[in-house]
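Colleague: Submitted below is the structure of interest, expressed as structure tokens.
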Amino acid sequence: MADSLLTAIESAYRDGFARYQRVARAILRDEHLAWDAVQEGFAGAIRGRAGFRGEAPLDAWLWRAVVNAALRLRSPSSEVLIEETGELPMDEDWHADEVDLAQLAPRQRVVVFLRYYADLDERTIGLILGIERGTVSATLHAALGALRKNLEVSQ
Amino acid sequence: MTDFHKNTIELLERISPPPRLASDWADALARAGETSPARMRRLGWRLAPVPLLAAAIVLLVFAWPFGARGSVLQQALAAIGDSPVTHVVAATHLDAQHVELRTGVRTPAPGREEVWYQPHRGLLVIVTYRGQLVGTPTLVRPGASLRGTLHDELVGGFLRDYRSALRSGAFHVNGKAVLYGTPIYWLAHRVPLYVNGATGTKPAFAVEEVAVSTRSFKPIFVQTRFHGRILPNTKIRILSIATVSERPSLFKRTVRSLQLLTTADTAPPTTVARAAQGMRHHPLVPSKTLSGLRRNWVGEPTYYAYQKLSYNGYGDPQPLSGIELYYGDLDATGYPLRSGRYVSITEFATANSEVRAEGLGRFPSNGTAVLEGHRLTLRVNGLYVIIDASDPHRAILAARTLVANKP
């Protein structure tokens, strides 16, 4: 059982690496950090696979692992000495349109990325983030409203 | 699909282009602490008939110059090169300040450490403070403990473990931030910490946090955290780090006998006259009251040095000649309380092992002093003075009084 689950996790990793990487990068705005988030997320899933009971789809369980790893990296727990705390720097090739998304609340951003990058439905996003489907729907609605406003302004 | 949804998807596509970094299932398995036995068996069977090809593939994977994998740790390892000797120059004691006593003007006065490290030869550590050598250059042989050396496991400890911790994956990436105007990744790993000082044997673990530039992937800052707090004097600013070719002559120095030092909470009481006799120099004794605090104690210094024995070991710690003048409350047993509001002034007549361990650069004699935390050092009337106070302001006031009252 454990080996077949490992094979399924490997298959999901190989098939979906680009999507995981893009979502993690969208959260972290850093390609290398995103790579680490995907690796750490899957390492955690591999370690904890004995605890996977199949109550949620494997896909949602893996997305949750990757998103949590990215969020952990996004918010260092340690109150380190940061003398010039500022907005986190972006990759040099990060597109200027990122500013539009940066204006969204963190949860709105994650929901948008999961909906459009990962092509997940609202129920699965709710499972990944540990929130109600209605909350996902409302968050997505608000995020799209804000994006619509930005798109209209830019056009 | 509406135009809006099309626009949204196009926008997201533009924002996050397809990843350039390749997947690496083996790395994910390794991070999880396991390999896939079934997979290893399959690979073994396939590669068995072509061992040379297998070796070539392995070599190619490890020598691939284009960095297809994106790990921050791998980039950090590659950034310092792979020559045999690692060389680092670092600023330490970042909180130390040079104080103009008359005006109170303070300027940063960090220390400097230069360390050369080659795993099978050891660590060569050269510490200077304000241009003056602290102690003597120290060679720590491979496997020897850094505990008790002048640099207190700072740069040497960092340098000794850095490459191997990156290579083994002991580091974790802890996030991203901006430090000294430079975007950085925080890396962290566990390091042993000896909590009982020079004679302690009980190991504990702290977390060493390394800030690595997101552009150069070289470390620019290190600090050590224990029980959630940054340990005092563990902040290091890395000024340069690189690997260089073999330099055997560097490591041919004689191993210096370490002078272990310690401090005590209490030392026996004495009198000014008796202390002057031991010091062969008259101490500076301010008035009975200082900074609103009464002088309630005159005692021997609380600084001790372990005597190196002829065999491999140390004898009992011996007191250093000098005097302590204590202003503040005493505890129930009649000894200095050292809490609440207090000022402690310790004076030495010679550059003894404690003064040399601090570094002569810490004892300026021109009406200035060095302040670190609430501890201040200076040289007045030929005496080496260490002032420990409940706050920096009182320490500076005490120093001003000493300078004003010198004969």
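Heads up: the protein sequence lines correspond to chains P and X, in order. Taken in order, the first sequence gives residues 1 to 155; the numbers are from the working numbering. Taken in order, the second sequence gives residues 156 to 562; the numbers are from the working numbering. C-beta atoms are modelled at their ideal positions from N, C-alpha and C, and glycine is treated no differently.
#1: At a CB distance below 7 Å, what residues from the segment 277-290 of chain X approach chain P? Give them in sequence order.
#2: I believe Val346/X touches Phe360/X by the beta-carbon criterion, under 8 Å. Please report the beta-carbon distance rounded to the nearest angstrom.
#3: For the segment 353-407 of chain X, list the beta strand (DSSP E) runs that are entirely contained and at least 3 residues long, ordered along the chain.
#4: Answer with buried or exposed for Asn521/X, where buried requires no fewer than 16 other C-beta atoms within 10 angstroms of its C-beta.
#5: Using a Cβ-Cβ distance cut-off of 8 Å, determine whether Pro220/X contacts chain P.
#6: With DSSP as the reference, label Glu509/X as helix, strand or coil.
#7: Quick test of the definition: if touching needs 3 or more C-beta pairs under 8 Å, does the segment 525-540 of chain X touch the segment 239-254 of chain X?
#8: Mapping the DSSP letters down to three states, classify Val427/X as helix, strand or coil.
#9: Taking 8 Å as the CB-CB cut-off, is His141/P touching chain X?
#10: Just to confirm, is the Cβ distance from Gln473/X to Ala487/X under 8 Å?
#11: Let me know the secondary structure DSSP gives Ser499/X once reduced to three states.
#12: Asp182/X CB to nearest chain P CB: under 8 Å?
#13: When the Cα of Thr291/X is compared with those of His275/X, Val270/X and Pro297/X, which residue comes out closest?
#14: Using the DSSP secondary-structure output, state which residues sit across from Arg450/X in a beta bridge.
#15: Nearest CA to the CA of Asp30/P: which residue from Gly266/X, Gly454/X and Ala332/X?
#16: Closer than 8 Å, Cβ to any Cβ of chain P: which residues of the segment 331-348 of chain X, in chain order?
#17: Using a Cβ-Cβ distance under 8 Å, would Trp35/P count as near chain X?
#18: My understanding is that Ala60/P touches Thr124/P, with C-beta atoms under 8 Å, so please give their C-beta distance in whole angstroms.
#19: Could you pull the start and end residues of the alpha helix (DSSP H) that Pro263/X belongs to?
#20: Does DSSP classify His160/X as helix, strand or coil?
#21: I want to see whether chain X comes within less than 8 Å of Arg25/P, judged by CB atoms only; does it?
#22: DSSP state of Val289/X, grouped into three classes?
#23: Can you tell me whether Tyr117/P is helix, strand or coil according to DSSP?
#24: Taking one C-beta from the segment 45-61 of chain P and one from the segment 232-251 of chain X each time, how about it: are there three or more such pairs within less than 8 Å?
#25: Round the Cβ separation of Pro519/X and Asn536/X to the nearest angstrom and send it over; I've been treating them as touching at under 8 Å.
#26: Is Thr418/X near Thr457/X, with beta carbons less than 8 Å apart?
#27: Distance, Cα to Cα, Pro297/X vs Arg429/X?
#28: Of the residues Ala187/X, Asn329/X, Ala550/X and Pro338/X, which one's Cα is nearest the Cα of His344/X?
#29: Could you tell me whether the Cβ of Gln230/X comes closer than 8 Å to any Cβ of chain P?
#30: Which residues of the segment 29-57 of chain P have a Cβ closer than 7 Å to any Cβ of chain X? Give them in chain order.
#31: Quick one: does Gly528/X have its CB under 8 Å from some CB of chain P?
#32: Classify Glu455/X as helix, strand or coil using the three-state DSSP reduction.
#33: Ordered along the chain, which non-local residues of its own chain (more than five positions away) have a Cβ less than 7 Å from that of Leu8/P?
#34: Leaving out the 5 sequence neighbours to the left and right, which residues in its chain are closer than 7 Å to Glu401/X when beta-carbon positions are compared?
#35: Apply the 10 Å Cβ neighbour rule to Val427/X and answer buried if 16 or more other Cβ atoms are within range, or exposed otherwise.
#36: With respect to the beta strand (DSSP E) encompassing Ile542/X, which residues constitute its N-terminal and C-terminal limits?
Modeller: The relevant details are as follows:
#1: none
#2: 7 Å
#3: 358-368, 374-381 and 391-399
#4: exposed
#5: Because the pLDDT of Pro220/X is 34, which lies under 50, any placement of that residue in the model is unreliable, and the question is left without a value.
#6: helix
#7: yes
#8: helix
#9: no
#10: no
#11: strand
#12: yes
#13: Val270/X
#14: Tyr482/X
#15: Ala332/X
#16: Lys331, Ala332, Val333, Leu334, Tyr335, Gly336, Pro338, Tyr340, Trp341 and Ala343
#17: yes
#18: 5 Å
#19: Taken as a continuous stretch (DSSP letters only), Pro263/X belongs to no alpha helix (DSSP H), being part of the beta strand (DSSP E) at Arg261 to Pro263.
#20: helix
#21: yes
#22: coil
#23: coil
#24: no
#25: So it is not a contact: roughly 13 Å between Cβ atoms.
#26: yes
#27: 46 Å
#28: Asn329/X
#29: yes
#30: Asp30, Glu31, His32, Leu33, Trp35, Asp36, Gln39, Glu40, Phe42, Ala43, Ile46 and Arg47
#31: no
#32: coil
#33: Residue identity check: residue 8/P is Ala in the sequence provided, not Leu. If we look at Ala8/P and ignore the five residues flanking it on each side, its Cβ neighbours are Leu58.
#34: Pro239 and Val240
#35: exposed
#36: Leu538 to Ala544
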